[in-house]
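*Asks:* Sequential numbering from 2 applies to the sequence shown in this note's numbering. Below you will find the structure I want to go over with you.
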Amino acid sequence: MAAEIWDVVVVGAGLSGLSAAHLLRKRNVGLKILILEGKDRVGGRTVSKEIPAAGGTDRWDFGGQWTGSTQTHILELIKELGLETYPQYNVGKKVYHAGGPGARIHTYTSRIPALSPLVLMDFLQMLWRIERLCATVCIEDPSTTPGAVELDSMTFQSYIEKHVWTAALKEQLGISCRTLFGLEASQMSFLFLLVYVAAAGGLLPLLESSPGSAQELKVKGGTQQLSERLAERVEWQNIQLSSGVMTIWQDAEWARVSTKTNTYSCRAVIVTCPPHLAGLG
């Protein structure tokens, strides 16, 4: 019996992978598309869970959970899937906890967590430095940015160690990096950070929930619904969960994608997991 040949194998059932499969199916409903996902669920870095709440339970996001009015592609998808957004509430007292279980819990009412004068000064000088560098970045072709080779050869962590003085700000930047990018500052090119910040219009729009910022809006019922509804569109039988990809190779005839238990032949492969995870086997 001849092995089944797929038109496309998509690696990853997060928003990128499921969106890619959905767009391909919209262009050609006859395509045979297989989606391989290492986790036991769809959604990638978005995960929503039921937790106890007043009057019963409510669904809360524990992963990626915000969008903004400038992020038009995801807003179009939200509308297409019949979901709704609402503004992130940011008035009144806010709670901030970092540094482990024994660390002190802080509250604040300003745009950013309350900082000591020294840490605030440290933050402002770092913000000034990064914004100046972002002004020199070519978003369309980062390789043409002045000093691109040097900037790309250093990590964001090495930049922090050189230019940030206070331990509190170093800790906060580490938290922000994990939250925004899903990786450590030591795993990310400083040039990549600058391009990302420049494309967003600055560092503060990435961190704030004010109009036009990256954390302006939330999705009613949780962001994992996006992936769950996309999975329905591409059909669940075309998604294999708990099927982490180990190897991908190509010969003169087909591309071949292997998990721990199976090898799949296909005409094309789309890898949608984050770059720092794509090389892990």
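Every residue, glycine too, gets a C-beta built ideally from N, C-alpha and C.
Quick one: Cα of residue 49 to Cα of residue 180, how far?
*Replies:* Whole-angstrom Cα-Cα distance: 16 Å.
*Asks:* Is the Cβ of residue 240 closer than 8 Å to any Cβ of chain C?
*Replies:* Absence of chain C from the displayed structure is noted, only one protein chain being present.
*Asks:* Whole angstroms are fine: how far does the CA of residue 258 sit from the CA of residue 4?
*Replies:* So the two alpha carbons sit approximately 13 Å from each other.
*Asks:* Which term fits residue 57, buried or exposed, when burial requires 16 or more other beta carbons within 10 angstroms of its beta carbon?
*Replies:* Classification of residue 57: exposed, given that the 10 Å Cβ count is below 16.
*Asks:* Report the start-end ranges of each beta strand (DSSP E) in the stretch 62-91 that is 3 residues or longer and not cut off at the edges.
*Replies:* The stretch 62-91 contains these whole beta strand (DSSP E) runs: 86-88.
*Asks:* Quick one: what's got a C-beta closer than 6 Å to residue 153's C-beta in the same chain, skipping five residues either side?
*Replies:* If we look at residue 153 and ignore the five residues flanking it on each side, its Cβ neighbours are 190 and 192.
*Asks:* State the CB to CB distance for the pair residue 34 and residue 239, rounded to an integer number of angstroms; the pair is presumed to be in contact (CB under 8 Å).
*Replies:* Indeed they touch by this definition, with Cβ atoms about 6 Å apart.
*Asks:* When we look at the beta-carbon of residue 139 and count the other beta-carbons within 10 Å, is it buried (16 or more) or exposed?
*Replies:* It is exposed - the Cβ of residue 139 has fewer than 16 other Cβ atoms within 10 Å.
*Asks:* Would you call the stretch 83-90 and the stretch 238-253 in contact, with 3 or more CB pairs under 8 Å?
*Replies:* Too few Cβ pairs lie closer than 8 Å, so no.
*Asks:* Do the stretch 22-29 and the stretch 228-235 touch if we need at least three Cβ pairs shorter than 8 Å?
*Replies:* Judged by Cβ distances under 8 Å, the stretch 22-29 makes contact with the stretch 228-235, as three or more pairs qualify.
*Asks:* How far does the alpha helix (DSSP H) with residue 126 in it reach, from first residue to last?
*Replies:* Segment 118-135, the alpha helix (DSSP H) holding residue 126.
*Asks:* Return the chain-ordered list of same chain residues with a C-beta closer than 8 Å to the C-beta of residue 1, the five sequence neighbours on each side being excluded.
*Replies:* Past the edges of the chain, shown from 2 to 282, lies residue 1, and the structure says nothing about it.
*Asks:* What residues in its chain sit with their C-beta under 8 Å from that of residue 243, if we drop five residues either side in the sequence?
*Replies:* Once the five neighbours on either side are set aside, the close Cβ partners of residue 243 are 38, 39, 40 and 41.
*Asks:* Is it true that the stretch 218-229 meets the stretch 158-166, where meeting means three or more beta-carbon pairs spaced less than 8 Å apart?
*Replies:* Touching, no.
*Asks:* Going by beta carbon distance, what residues of the same chain come within less than 6 Å of residue 98, once the five residues before and after it are set aside?
*Replies:* Around residue 98: 106.
*Asks:* Check each candidate in 196, 44 and 269 and name the one with the smallest Cα separation from residue 62.
*Replies:* Per the Cα distances, 44.
*Asks:* Which complete alpha helix (DSSP H) runs does the stretch 185-213 hold, if anything under 4 residues is left out?
*Replies:* List check, alpha helix (DSSP H) in window: 191-201 and 205-208.
*Asks:* Looking at C-alpha atoms only, which residue of 51, 10, 156 and 77 is the closest neighbour of residue 1?
*Replies:* Residue 1 lies beyond the range of the chain shown here (2 to 282); nothing can be said about it.
*Asks:* Just how far apart, CA to CA, sit residue 241 and residue 142?
*Replies:* Looking at the two C-alpha atoms, the distance is approximately 37 Å.
*Asks:* Helix, strand or coil, according to DSSP, for residue 145 in the structure here?
*Replies:* Residue state, collapsed to three classes: helix.
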